[in-house]
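Before any comments, here is the structure.
Chains as they are written, first to last, in our numbering: chain C, 1307 to 1733; chain L, 1377 to 1766.
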């Protein structure tokens, strides 16, 4: 029945767009229609893949891929651009949820383990990927003309990008699976900290090696970045106080009020050039740990964010570039496999050094495979710093991200299932 | 002010209005009709808009089109979900027929009156597409705000039967108005950007799409397991239906109304859907009122005579329609014209919608007349229903 409905919905959209009822391209109207359509198809596709014991996100991504420019052409570039505010809003809600999940008690208990895993992934992890790709770079025809030092910088930046993870995937799978337990706590904690560490490392590396790049492109300022992060956290604490006051005084229509809070964070971040994710994480963290509204806040955000998650991942699916994947798949596959191996090894080193539980040792590494937003941002920066080789590297990295984005949620869901943490939060 | 901040601000005003402020102020007897007819929120919109403290520009307001379309979609489905055959068949035939007679007579008097005056003084409406202007005013003029009857009813109408008749007249009248405006949209298609199809085809398309969406909504209603999934899929349905209407220049109210009717009559779980959606009903109506107020423009002098004519014709139309409809009803069931005069958020939702679909001077004129007319009828109702005295 669900498959029939999915076919029916797709047929309806194809007919509507191809029968030519409308002769003028009204992007806003089309975007609104597609927004609703993606929620519906994502819901059906998500329910279908759940039967295969896969995470709903895979279904949302799949719905997006089918609607995307490579298949049905229902979601095109103009609609993707028009709906970009959904991405920002959804990411903010994901960060609010992530912040709310970070409980002080859990952090205190796992601080040592989380620190070790982050340390292992960010130093030996980066070095391992870089060491693997540097010899390859020396022989690749597309990268001829660069000095060995420049190629080493390129390999180092590739290593940093490979270490980056996707908080959105982690939070979305975690919420959907209603996971609770040491694996979830460790994966979430590491993902959040690693996200910040990787941004800092990338900026620091680019700032330090700027003279070697000689691209003329302006390197990002570390001080500026640190200031932005500081102010973002401060902004998060302020919005957190607003959130607590709202939850205290408004007892009805909390869904709508929280939607308003999310939109406020997105808009404030834009106006003051701050990081919306850091604001939202700090806001969620404050409400969850320093008020009595933590669980109400979390429940409300979970309710509001489902349609946003659906569209966010469906749009991500529609944006996956399969043409690029087809062109560069051997190198992309190498990057994916080496990343998997590095994540496996370094996570286990970290878990052992941090003295965490056996199930964390066995399954936590699977939670660090998903890759999305931050990595894509880095790729653009890399292209800016290495204009000649950037395009080539961008193709490989984006193709690898496509694969990671597909296998990441599946592996994380598997980790929760195997460690017996799926559905525990609900109980 | 940026659009998002403005939306958050008016959203908060609407929520406060629908939860605390509205309920508290409603209990003050002498002012309650003023708040019931929601004039306060319309005036708030005017105050916040370009002709008040200018928090937002008119161009930015027009960018809110997707939001208003969504709000209308919400209103449409909530109305549609109330039209369950199980309930409808309990309405006495005389009252159902009476409500339609009342609607048709009002429509004929407003439309006929305008056409007659136009024949006599063609200069009256030179810059406008006159037939469309009159038809829109006549159709949207049909709607009445049932909230006024509900709130003032028990105190003012000593007869329970009479109270129920007035409520039926108002409720069925606004459904008739939504259907009638759907037909008008099919008759007067926007001149550019659409396939030139006969009106019947557009009407058929609306009906088919409404029914199909209703069936899809029924599926989601029946198969959503948890509250979050249920809310999410229903939000998706409303966004999709409203977006579809926007894309095809159809009436979002009619499309979602049809969707709601089909859903309400296909699954018992539609009751749950109605309960969930109607929680936000009042806030959505208030948001529409504030937006309508903010969209008000200073009326051009040529509109003033049209506004006055509209007020007189609607008054006459409602009076004559009610008198004729009452002929069918026993003495103690008869409703009073004064309850059928106030216009609320639905009237303005229809007015905003036609403004967005046609986006021309005629549509702007219709909007201004209806908005100012709505304000005038609110004050008139206060006088007629004795709100000032009590």
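Here a beta-carbon is modelled for each residue, glycine too, at the ideal position from N, C-alpha and C.
Taking 8 Å as the CB threshold, residue 1564 of chain L stays off the interface with chain C. DSSP, reduced to helix, strand and coil, places residue 1378 of chain C outside both helices and strands of the structure shown, so it counts as coil. For residue 1330 of chain C, a Cβ of chain L is located within less than 8 Å of the residue's own Cβ. Residue 1570 of chain L and residue 1329 of chain C do touch by the CB rule: their CB atoms are close to 7 Å apart, below 8 Å. Identification of chain L residues near residue 1399 of chain C by a Cβ-Cβ cut-off of 8 Å yields none; the smallest Cβ-Cβ distance measures about 13 Å.
Residues are counted here when their Cβ sits less than 8 Å from a Cβ of chain C; for the segment 1608 to 1622 of chain L these are 1608, 1609, 1611, 1612, 1613, 1614, 1615, 1616, 1617, 1618, 1619, 1620, 1622, given in chain order. Close to residue 1613 of chain C, with beta-carbon spacing below 7 Å, are these residues of chain L in chain order: 1608, 1611, 1612. With a cutoff of 8 Å on beta-carbon distance, residue 1724 of chain L and residue 1665 of chain L are scored as near each other.
With distances taken between CA atoms, residue 1365 of chain C lies nearest to C/1345 out of C/1485, C/1345, C/1443. Closest in C-alpha terms to residue 1647 of chain L, from the list L/1420, L/1460, L/1379, comes L/1460.
Just measuring C-alpha positions, the residue of L/1552, L/1743, L/1447, L/1712 sitting nearest residue 1613 of chain L is L/1447. Listed as beta-bridge partners of residue 1443 of chain L by DSSP are no residues whatsoever. Think of a sphere of 9 Å around the beta carbon of residue 1563 of chain C: the chain L residues whose beta carbon falls inside it are 1387, 1388, 1391, in chain order. At least one CB of chain L lies nearer than 8 Å to the CB of residue 1609 of chain C.
Cβ contact annotation for residue 1360 of chain C (same chain, cutoff 7 Å, sequence separation greater than five): 1716, 1719, in chain order.
Under the Cβ criterion (8 Å, minimum of three pairs), the segment 1573 to 1593 of chain C counts as touching the segment 1390 to 1398 of chain C. With respect to the C-alpha of residue 1443 of chain L, the residue from C/1671, C/1334, C/1402 having the closest C-alpha is C/1334.
With fewer than 16 neighbouring CB atoms inside 10 Å of its own CB, residue 1632 of chain C falls in the exposed class.
Note on residue 1451 of chain C: under 16 other CB atoms within 10 angstroms of its CB, so exposed under the neighbour-count rule. Under the 10 Å beta carbon count, residue 1610 of chain L is surrounded by 16 or more other beta carbons and is classified as buried. For the C-beta of residue 1384 of chain L, the chain C residues within less than 7 Å are, from N- to C-terminus, 1566, 1569, 1570. Nearest Cα to residue 1517 of chain L within the set L/1638, L/1690, L/1640, L/1680: L/1690. Residue 1528 of chain C and residue 1390 of chain C have their alpha carbons spaced roughly 27 Å apart.
Comparing alpha-carbon positions, the option among L/1489, L/1714, L/1749 lying closest to residue 1539 of chain L turns out to be L/1714. The beta carbon of residue 1550 of chain L sits closer than 6 Å to the beta carbons of 1519, 1722 from its chain, once the five residues preceding and following it are set aside; these are given in chain order. Scanning its chain for C-beta atoms nearer than 7 Å, with the 5 sequence neighbours on each side dropped, one finds around residue 1382 of chain C the residues 1375, in chain order. Inter-residue distance for residue 1556 of chain L and residue 1550 of chain C is about 47 Å (C-alpha atoms, whole angstroms). In the displayed model, residue 1570 of chain L falls within a strand according to three-state DSSP. Within 7 Å of the CB of residue 1380 of chain L, the CB atoms of chain C belong to 1569, 1573, in sequence order along the chain. Neighbourhood of residue 1498 of chain L in chain C, by CB distance below 9 Å: empty, with the nearest CB roughly 33 Å away. Residues of chain C whose Cβ lies closer than 8 Å to the Cβ of residue 1686 of chain L do not exist; the shortest such Cβ separation is about 31 Å. For residue 1425 of chain C and residue 1672 of chain C, the gap between their C-alpha atoms comes out near 17 Å. Excluding residues up to 5 positions away in sequence, 1439 lie with their Cβ nearer than 6 Å to the Cβ of residue 1464 of chain C in the same chain. Residue 1328 of chain C is bridged by DSSP to L/1570.
By the beta-carbon neighbour count (other beta carbons within 10 angstroms, threshold 16), residue 1577 of chain C is exposed.
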